[in-house]
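Undergrad: Heads up: the sequence shown begins at 7 in the working numbering, then just goes up one per residue.
All C-beta atoms in this analysis are idealised placements derived from N, C-alpha and C, irrespective of residue type, glycine included.
Just so you know, these numbers come straight off a predicted model, no measurement behind them.
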Amino acid sequence: MQFERDLWRRFGRNTRGNALAHAERIELLDGAALKAETAQAGLAVHQATDRQRSARLLEYAFMLREIARRTGDIACLANAGRAAERAVRLAVDDATRIGARIELVHCSLLAADLFGDSLAAEAAQARLTALEGEERLSLDDRIVTMGLRARLLARNALTDNDLNAAVEAAGAFDEAVELSDQRVRSSGEGRSLAANLRLHRADMLVGFGVQLKETTLLRQAETDLAQVAAQIDRDRLPISWARAEALRGAALAACGSLGADEDEISRGATALSVSLAHLPMLHSPLDTARTSHALGVVLLALGEACDDDRLFDEAISAFDRALEAFEAHPDVAQRPVCAYDRAIAITRRAERQGDTMSLDYAERAFKAELSGLEPQLDPVAWAVMQVALARVYSARADMTGDERERSRASLALAAARLHPMAEAAP
Numbered sequence: 007m008q009f010e011r012d013l014w015r016r017f018g019r020n021t022r023g024n025a026l027a028h029a030e031r032i033e034l035l036d037g038a039a040l041k042a043e044t045a046q047a048g049l050a051v052h053q054a055t056d057r058q059r060s061a062r063l064l065e066y067a068f069m070l071r072e073i074a075r076r077t078g079d080i081a082c083l084a085n086a087g088r089a090a091e092r093a094v095r096l097a098v099d100d101a102t103r104i105g106a107r108i109e110l111v112h113c114s115l116l117a118a119d120l121f122g123d124s125l126a127a128e129a130a131q132a133r134l135t136a137l138e139g140e141e142r143l144s145l146d147d148r149i150v151t152m153g154l155r156a157r158l159l160a161r162n163a164l165t166d167n168d169l170n171a172a173v174e175a176a177g178a179f180d181e182a183v184e185l186s187d188q189r190v191r192s193s194g195e196g197r198s199l200a201a202n203l204r205l206h207r208a209d210m211l212v213g214f215g216v217q218l219k220e221t222t223l224l225r226q227a228e229t230d231l232a233q234v235a236a237q238i239d240r241d242r243l244p245i246s247w248a249r250a251e252a253l254r255g256a257a258l259a260a261c262g263s264l265g266a267d268e269d270e271i272s273r274g275a276t277a278l279s280v281s282l283a284h285l286p287m288l289h290s291p292l293d294t295a296r297t298s299h300a301l302g303v304v305l306l307a308l309g310e311a312c313d314d315d316r317l318f319d320e321a322i323s324a325f326d327r328a329l330e331a332f333e334a335h336p337d338v339a340q341r342p343v344c345a346y347d348r349a350i351a352i353t354r355r356a357e358r359q360g361d362t363m364s365l366d367y368a369e370r371a372f373k374a375e376l377s378g379l380e381p382q383l384d385p386v387a388w389a390v391m392q393v394a395l396a397r398v399y400s401a402r403a404d405m406t407g408d409e410r411e412r413s414r415a416s417l418a419l420a421a422a423r424l425h426p427m428a429e430a431a432p
């Protein structure tokens, strides 16, 4: 309660709408408080006059989308989209209608990012193109739509490994960042948007740096992220700061892995640990899970570089913490990737120690996971687990010399290839 009183003392209660329906304020709320405020925003929709209802729906959609972004709750995201659609239909002024149409683009893009939904990405692109062609956008709206277009370009560039598209996306990000910086300087507003545009740009640079094994891109991203983290008020924007520090850690670790520099990998692990410590699980479960997953990957690389078996145990613990958050909403696309990375960690630890019992444990765990999956409904997760099983069988064959294990590995890989989407597996 003291936190809530301090929050309202700082920002003041806006009786005309929900004062927390704002990116720079909503980050202060933990998950429980955010859900409570969102319920209040939903009640405000029913209490609003006909003229106010569209604006209240837009605020409600924004808050529902933030819950979905933090938790992976597909029902919340669907409700956010429906609220935004109603806001478009009921809008009595241009600003609210445009805001609601932008919110629909955000919802579609989030569905693509969270669940790997290519149709949602196409919907976001179509909605954004229609919006830009049909509406007269203010400067603030243009900054937001430019950022959305840059994110879509970056997403396509990473998916297709298209460097030319990545250059185009970087240019779009640069233009949006420049305009957002001008807005911050002139009005003091939009710091969260400016920071997040830089974070999305850096995320793209890290992704391409890893895919292309290009340290120049990774070092540029790390430098940019260090500047962003230094400019963010870590107490007022805890999620943005933690994300910046986590991305910086991932960039450092990737540089270290490419250059076989144990110290740089270790600095990356430290940055990721600091990010985790700053953002408790209950504040934003998915942000914490992603960071914990990234930390597990870095610890695994550090264990290989340092030849230290204890780091493999720490990596598995990091993957376990990440999967604990993913379990609540298993449709999140990163979950099977995390499960696969955990499988690799368990397998490598067993290989290094000559421990067939650990491999037996891993095999039972993966088969239990497979028994709960529907290959037609979730082909990527199913294929990932088959690849993980093949890895276990192959490791056991190397340790025991039993050729039957290689046959089992071949069968598991063949099963993974039965579904077209299996190519997306790590």
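State the Cα-Cα distance for the pair P286 and D36, rounded to the nearest angstrom.
TA: In a straight line, the C-alpha of P286 is about 9 Å away from that of D36.
Undergrad: If contact is defined by three or more beta carbon pairs under 8 Å, each pair taking one atom from either stretch, is the region 361 to 371 in contact with the region 104 to 121?
TA: no
Undergrad: Going by beta carbon distance, what residues of the same chain come within less than 8 Å of A275, once the five residues before and after it are set aside?
TA: G255, A259, L301, V304, L305 and L308
Undergrad: Please state the DSSP three-state secondary structure of M343.
TA: Reading off the sequence shown, one finds Val at residue 343, where the question assumed Met. Of the three classes helix, strand and coil, the one that applies to V343 here is helix, per DSSP.
Undergrad: Using CA atoms only, rank isn't needed, just tell me which of A401, A101, K219 and A311 is closest to R145.
TA: The sequence shown places Leu at residue 145, not Arg. Cα-wise, what sits closest to L145 is A101.
Undergrad: Just the Cα atoms here: how many angstroms apart are D187 and A200?
TA: Approximately 6 Å, taken between the alpha carbons.
Undergrad: Using a 10 Å radius around the Cβ and a threshold of 16 neighbouring Cβ atoms, would you call M434 buried or exposed?
TA: Given a span of 7 to 432 for the chain in the structure shown, any question on residue 434 remains unanswerable.
Undergrad: Take every Cβ of the region 123 to 134, pair it with every Cβ of the region 78 to 92, and state whether three or more of those distances are shorter than 8 Å.
TA: no
Undergrad: DSSP three-state call for R412: helix, strand or coil?
TA: helix
Undergrad: With distances taken from CA atoms, which of A163, S323, E138 and L164 is nearest M152?
TA: Closest option to M152, Cα to Cα, is E138.
Undergrad: What is the rounded straight-line gap between the Cα of S272 and the Cα of L278?
TA: When rounded, the separation of the alpha-carbon atoms in S272 and L278 is 10 Å.
Undergrad: Do you know how far the Cα of R31 is from the Cα of I322?
TA: 35 Å
Undergrad: Considering only their Cβ atoms, is the gap separating R103 from V94 smaller than 8 Å?
TA: yes
Undergrad: Does DSSP put M513 in a helix, a strand or coil?
TA: Residue numbering for the chain in the displayed model covers 7 to 432; residue 513 lies beyond these limits and cannot be assessed.
Undergrad: Just reading off the alpha helix (DSSP H) that T229 is part of, what are its end residues?
TA: Note, T229: alpha helix (DSSP H), T221 to Q237.
Undergrad: From R423, M391 and A396, pick the residue whose C-alpha is nearest to that of R410; which is it?
TA: Per the Cα distances, A396.
Undergrad: Less than 8 Å separating the beta-carbons of Q340 and H289?
TA: no
Undergrad: With a CB to CB cut of under 6 Å and the five nearest residues on each side skipped, what residues in its chain are close to A160?
TA: A175 and M210
Undergrad: Once DSSP output is grouped into helix, strand and coil, what is the label at L379?
TA: coil
Undergrad: Give the list of continuous alpha helix (DSSP H) stretches no shorter than 4 residues that lie fully inside the region 268 to 318.
TA: 268 to 284 and 291 to 312
Undergrad: Is it true that the CB of E109 sits closer than 8 Å to the CB of A67?
TA: yes
Undergrad: Just to check my reading of the structure: H206 and R157 have Cβ atoms closer than 8 Å, yes? What is that Cβ distance to the nearest angstrom?
TA: 5 Å
Undergrad: Using the C-alpha atoms, what's the distance from V190 back to R148?
TA: 15 Å
Undergrad: Would you check whether the ligand GDP has a heavy atom nearer than 7 Å to the C-beta of D319?
TA: Because no ligand of any kind appears in the structure shown, any question about the ligand GDP cannot be addressed here.
Undergrad: Please classify T165: is it buried, with 16 or more other beta-carbons within 10 angstroms of its beta-carbon, or exposed?
TA: exposed
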